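Notes follow the structure.
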Amino acid sequence: MINIRSLKKLGNNDGLTLKKGNKIFYKTGYQVATEGKQTTDMREAMSFIKEYKGDCGIWLENGIWYIDKSHRVSTKKEALEVGRACKQISVLKWSDMSLVYC
442 MINIRSLKKL GNNDGLTLKK GNKIFYKTGY QVATEGKQTT DMREAMSFIK EYKGDCGIWL
502 ENGIWYIDKS HRVSTKKEAL EVGRACKQIS VLKWSDMSLV YC
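Quick note on this note's numbering: the sequence shown kicks off at 442 and runs consecutively.
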């Protein structure tokens, strides 16, 4: 499982994706969040990661930790359907690490 030192290494507008608590990268598909939490406390961010059993996306923006329960889907169509249903702003396209807006 990721530890707090890994979170300390993230800079502003930096993030990572976890599967079962380990950093993961995919070459294809889309990462879409179904729910999320935010905090300014790094220890609370770690508790959210544990709550989501390490299956989440993490990013830091202006001192706020965003922890999203997320999973990978194969198609853009499915990613946008899930993203819209869960009121997400965007989904991550793995092949080029770009955002696709819902």
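Each residue gets a CB set at the ideal place from its N, CA and C atoms; glycine is no exception.
From a predicted model like this one, the values you see are computed outputs, not experimental measurements.
Check                                                                                                              : Outcome
Residue closest to Lys494, alpha-carbon to alpha-carbon, out of Ile530, Gly470, Ser515, Ile508                     : Ile508
Beta carbon of Tyr499 nearer than 8 Å to that of Gly456                                                            : Checking the sequence shown, residue 499 turns out to be Ile, not Tyr. Going by C-beta atoms, Ile499 is nearer than 8 Å to Gly456.
Close-in-space but distant-in-sequence residues of the same chain around Cys527 (CB under 8 Å, 5 per side omitted) : Val473, Ala474, Thr475, Glu476
Reference Glu492; option with closest CA among Gly462, Tyr467, Lys468, Thr481                                      : Gly462
Contact check, Val514 vs Gly470, beta carbons under 8 Å                                                            : yes
Through-space distance from Ser539 to Leu448, alpha-carbon basis                                                   : 22 Å
Buried/exposed call for Ser511, threshold 16 Cβ in 10 Å                                                            : buried
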